[in-house]
DNA sequence: TTGAAAGCGCTAACAA
DNA sequence: TTGTTAGCGCTTTCAA
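Structure (structure tokens):
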């Protein structure tokens, strides 16, 4: 295939490679006439700079990494859209790494970043992530600036873009209580993640403000296996003292709840009411339509990328301990109020 | 940050950089004892090879590109999962490029690949893509092997992984006819894509086999703007001789149909029946549940990546003109048959 | 079995 | 304004 190189251009024009390089980067120390000749030839010969030669020399890859648990989830896929929109504008490339909620994988990925492959990192933690040494190690070595989005690491001193999880948990729970729920179960995927604990705090606060005692039995931790999650949820809904309200902190669990209710002939919202954290565009089309806490997913991705590029632009690896909070929205629909 | 380099290891052990390099790659020309010493030190000093130095030298990036229209779509996000699962196993990195259905962007992205940034490319065409010079140019230059998935380019001689679009179009239409539809509209996003024309061919064949004349007025092309798509669909459903059956070839259009039907008080499936190409896991939970043509999205992604790596493994840029067809499935639900 | 040296393609001092 | 030179970190002949 043998691409056109700067050397070839130099030879062709009887110039040095340095002159070509500078001309291509529109340096002020090259005459306009030369620049023009270089650009013209580069264009004619279809010169494309070798991506890795420049990266090696300048220690800059023009590439960022996005590390997230999952892509087949409306929140994350929308966040990627937000990230990509900024990266594209900046002329950056986006490497994607899926952890599938595996802590081990998250560690391996971060370790790999020491290779200098990326200039910056956007990250959303695994549900399993309970220790933060791999993150501290990365930060200590000043490898690349790191920005967390959504599933942030409170123990880290870097920038974090998130939503108001406490308030969301509170609002959702309050709504369920006001709809008459007495026994509200929380479906969670992690007891480590800060978003989980914050949503849970909001839940507890709402209970307390309405004089409902908190019962740990209503905390339901689900794992990573869809089938066993389904069986687990079904079992809970089948019990005599089943919950009459569900707060699902993850979109994928909501499907399971709907299916279980259908199979057990539980009527939503009459027998049981459901609020879910979800960005599903079809939420309003479900049967019944789903009351959601909807996060500003695209905006979160965009904000995270924007903060990251701000630090890349000024070549400072050390990001301030920013904490940007974008509000989520409670959208009331048929799974909590009939006829909505 | 200053990472550990081969040079440092060499100095520390009083060996040449060549010896270190060979030892690290487990070359047979290095003694076991030396290998051991090198490995031990590399490990202790936490040596991570510079990603781009190796890539520059070996002209190999261990990176593939995935070029697709959109990530916030269940088909594509599942396909990415399939791709990532294979890439990870092979130790490859995955760059993601979203075209957002823009032909211009697709061209730019492909052009960029001449920089040698990626070893291989997985691609699904834009809805706008009607000319294939950018693809031919890429192939002619032997930049990197290219595998198409789903939205393939028939004009290219490379490998293609797809589903049985003709049969799917046929099955879906036949089903609608058997449910009593007389006037079936097809919602499409492109008159260029081969998947679109094949699904359309299937549609036409089914009509013909059931002695229903084909009327071009029932072909409805939607664009890239969600709002105007909605208004357009709503307008069509509001007309006196509106269709009594809809075949949506894209998931995102189905939401619009449901919304329009709701607003116009059209009952699904009584007044109008709907089949949609969709991988939405919530399809069975919609109101009414959605009859779908469901594609093997994960498997398509996996198959495409597998074919690509087969060619990367044997270092042949020229892929055979393979055409792998994985079957889609018609899943009958409530949007075509009441009570399902 | 090890080392010396060249060079992947590009950039950045420094010199001219 | 242009050229020379050195080198980013690694691999790969070829020689020792």
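Residue numbers (the numbering used here), protein chains in the order written: chain A, 6 to 345; chain B, 6 to 345.
No residue lacks a Cβ here, since even glycine has one placed at the ideal position from N, Cα and C.
On a predicted model such as this, the values are computed, not experimentally measured, just so you know.
For residue 335 of chain A and residue 250 of chain A, believed in contact at Cβ under 8 Å, the rounded distance: In the first chain, counting from the first residue as 1, residue 250 of chain A sits at position 245. In the first chain, counting from the first residue as 1, residue 335 of chain A sits at position 330. The pair is not a contact, with the Cβ atoms about 14 Å apart (cut-off 8 Å).
8 Å contact criterion, which residue 156 of chain B and residue 192 of chain B should meet: CB distance rounded: Within the second chain, residue 156 of chain B is the residue found at index 151, counting from 1. Within the second chain, residue 192 of chain B is the residue found at index 187, counting from 1. Taking the Cβ atoms as the reference, residue 156 of chain B lies roughly 16 Å from residue 192 of chain B, outside the contact range of under 8 Å.
Proximity of residue 266 of chain A and residue 295 of chain A at Cβ, strictly below 8 Å: Position 261 of the first chain, counted from the first residue, corresponds to residue 266 of chain A. Position 290 of the first chain, counted from the first residue, corresponds to residue 295 of chain A. Not a contact, by the Cβ cut-off of 8 Å.
Runs of beta strand (DSSP E) lying entirely within the region 208 to 260 of chain A, each at least 3 residues, in chain order: Given a length threshold of 3 residues, each whole run of the beta strand (DSSP E) inside the region 208 to 260 of chain A is given here in chain order: 224 to 226, 250 to 253.
Segment limits, beta strand (DSSP E) that includes residue 193 of chain A: Looking up residue 193 of chain A in the first chain gives position 188. Residues 189 to 193.
C-beta atoms of residue 120 of chain B and residue 283 of chain B nearer than 8 Å: Along the second chain, read from residue 1 onward, the residue named residue 120 of chain B stands at position 115. Along the second chain, read from residue 1 onward, the residue named residue 283 of chain B stands at position 278. In this structure, residue 283 of chain B does not lie closer than 8 Å to residue 120 of chain B by Cβ.
Helix, strand or coil at residue 156 of chain A [DSSP, three-state]: Position 151 of the first chain, counted from the start, is the residue given in the question as residue 156 of chain A. Coil at residue 156 of chain A, not helix or strand.
Same chain only: Cβ atoms within 8 Å of residue 305 of chain B, ignoring 5 sequence neighbours per side: Residue numbering aside, residue 305 of chain B sits at position 300 when the second chain is read from its first letter. Cβ neighbours of residue 305 of chain B within its own chain (closer than 8 Å, five residues either side excluded): 84, 87, 154, 155, 166, 167, 168, 331.
Anticipated Cβ contact below 8 Å, residue 252 of chain A with residue 287 of chain B, distance rounded: Numbered from 1 along the first chain, position 247 holds the residue referred to as residue 252 of chain A. Numbered from 1 along the second chain, position 282 holds the residue referred to as residue 287 of chain B. The Cβ separation is near 18 Å, so there is no contact.
Host beta strand (DSSP E) of residue 165 of chain B (start-end): Position 160 of the second chain, counting from 1, holds the residue named residue 165 of chain B. Per DSSP, the continuous beta strand (DSSP E) segment holding residue 165 of chain B begins and ends at 164 to 168.
C-beta atoms of residue 71 of chain B and residue 101 of chain B nearer than 8 Å: Counting from one through the second chain, the residue named residue 71 of chain B turns up at place 66. Counting from one through the second chain, the residue named residue 101 of chain B turns up at place 96. Going by C-beta atoms, residue 71 of chain B is nearer than 8 Å to residue 101 of chain B.
Bridge partners - residue 145 of chain A, DSSP secondary structure assignment: As a working note, residue 145 of chain A is residue 140 in the first chain. According to DSSP, residue 145 of chain A bridges with nothing at all.
Listed by chain order, chain B residues near residue 119 of chain A by CB distance under 8 Å: By one-based count along the first chain, residue 119 of chain A stands at place 114. Neighbours of residue 119 of chain A on chain B, chain order: 8, 51, 53.
C-alpha gap between residue 285 of chain B and residue 256 of chain B, whole angstroms: Translated into the one-based positions of the second chain, residue 285 of chain B becomes position 280. Translated into the one-based positions of the second chain, residue 256 of chain B becomes position 251. One C-alpha to the other measures close to 8 Å.
Sheet register partners of residue 281 of chain A (DSSP bridge): In the first chain, residue 281 of chain A corresponds to position 276, counting from 1. Residue pairing of residue 281 of chain A in beta bridges, as defined by DSSP: A/253, A/297.
Same chain only: Cβ atoms within 6 Å of residue 208 of chain B, ignoring 5 sequence neighbours per side: Mapped onto the second chain, residue 208 of chain B falls at position 203. Excluding sequence neighbours, residue 208 of chain B sits near 174, 178, 191.
Alpha carbon of residue 138 of chain B to alpha carbon of residue 225 of chain B, nearest angstrom: As a working mapping, residue 138 of chain B is identified with position 133 in the second chain. As a working mapping, residue 225 of chain B is identified with position 220 in the second chain. C-alpha separation (whole angstroms): 28 Å.
Counterpart residues of residue 68 of chain A in DSSP-defined beta bridges: The residue you call residue 68 of chain A lines up with position 63 of the first chain. The partner list for residue 68 of chain A (beta bridge, DSSP) reads A/98.
Cβ-based burial, residue 261 of chain B [other Cβ within 10 Å; buried from 16]: Within the second chain, residue 261 of chain B is the residue found at index 256, counting from 1. Around the beta carbon of residue 261 of chain B, 16 or more other beta carbons lie within 10 angstroms, which makes this residue buried.
C-alpha gap between residue 151 of chain A and residue 135 of chain A, whole angstroms: In the first chain, the residue the question calls residue 151 of chain A occupies position 146. In the first chain, the residue the question calls residue 135 of chain A occupies position 130. Roughly 18 Å between the two C-alpha positions.
Chain-order list of residues whose beta-carbon lies under 6 Å from that of residue 219 of chain B (same chain, five-residue window excluded): Position 214 of the second chain, counted from the start, is the residue given in the question as residue 219 of chain B. 209, 212.
Spatially closest choice to residue 53 of chain B from A/244, A/143, A/39, A/239, by CA coordinates: Working through the second chain from its first residue, we reach residue 53 of chain B at position 48. For the residues A/244, A/143, A/39, A/239, the minimum Cα distance to residue 53 of chain B belongs to A/143.
Integer-rounded CB distance, given that residue 149 of chain B should sit under 8 Å from residue 118 of chain B: The sequence position of residue 118 of chain B within the second chain is 113, counting from 1. The sequence position of residue 149 of chain B within the second chain is 144, counting from 1. The Cβ separation is near 6 Å, so the contact holds.
Residues, ordered as in the chain, of the region 88 to 111 of chain B that lie near chain A by beta-carbon distance below 7 Å: Of all residues in the region 88 to 111 of chain B, 89, 98, 99, 100, 101, 103 have a Cβ within less than 7 Å of some Cβ in chain A.
Under 8 Å between C-beta atoms of residue 275 of chain B and residue 343 of chain B: Looking up residue 275 of chain B in the second chain gives position 270. Looking up residue 343 of chain B in the second chain gives position 338. By the CB criterion at 8 Å, residue 275 of chain B and residue 343 of chain B fall inside the cutoff.
Terminal residues of the alpha helix (DSSP H) in which residue 110 of chain A lies: As a working note, residue 110 of chain A is residue 105 in the first chain. Counting along the chain, residue 110 of chain A sits inside the alpha helix (DSSP H) bounded by residues 108 to 117.
Coil, strand or helix - residue 53 of chain B by DSSP: Here residue 53 of chain B is taken as the residue at index 48 of the second chain, counted from 1. Residue state, collapsed to three classes: coil.
Beta-carbon proximity list for residue 123 of chain A, same chain, < 7 Å, skipping 5 on both sides: As a working note, residue 123 of chain A is residue 118 in the first chain. Within the same chain, residue 123 of chain A has close Cβ partners 66, 68, 69, 70, 100, 149.
Residue 171 of chain B and residue 133 of chain B closer than 8 Å at C-beta: In the second chain, residue 171 of chain B corresponds to position 166, counting from 1. In the second chain, residue 133 of chain B corresponds to position 128, counting from 1. Residue 133 of chain B is positioned such that its CB atom lies no closer than 8 Å to that of residue 171 of chain B.
Among B/236, B/297, B/301, B/324, the one whose alpha carbon lies nearest that of residue 269 of chain B: Numbered from 1 along the second chain, position 264 holds the residue referred to as residue 269 of chain B. Proximity to residue 269 of chain B across B/236, B/297, B/301, B/324 peaks at B/236, based on C-alpha coordinates.
Proximal chain B residues relative to residue 260 of chain A, where beta-carbon distance stays under 9 Å: Here residue 260 of chain A is taken as the residue at index 255 of the first chain, counted from 1. Within chain B, the residues whose beta carbon sits less than 9 Å from that of residue 260 of chain A are 286, 287, 289, 290, listed in sequence order.
Min CB distance residue 86 of chain B to chain A below 8 Å: Taking the first residue of the second chain as position 1, residue 86 of chain B is located at position 81. So yes, residue 86 of chain B belongs to the interface.
Interface residues of chain A facing residue 56 of chain B [CB-CB closer than 7 Å]: Numbered from 1 along the second chain, position 51 holds the residue referred to as residue 56 of chain B. Listed along chain A are 120, 121, 122, each with a C-beta nearer than 7 Å to that of residue 56 of chain B.
Residue 125 of chain B beta carbon less than 8 Å from that of residue 313 of chain B: The residue given as residue 313 of chain B occupies position 308 in the second chain. The residue given as residue 125 of chain B occupies position 120 in the second chain. In this structure, residue 125 of chain B lies closer than 8 Å to residue 313 of chain B by Cβ.
Reduced DSSP category for residue 61 of chain B - H, G, I as helix; E, B as strand; rest coil: Walking along the second chain from the start, residue 61 of chain B turns up at place 56. Residue state for residue 61 of chain B is assigned as helix, using DSSP reduced to three classes.
Sequence-distant residues of its chain with Cβ nearer than 8 Å to residue 12 of chain A (five each side left out): By one-based count along the first chain, residue 12 of chain A stands at place 7. 22.
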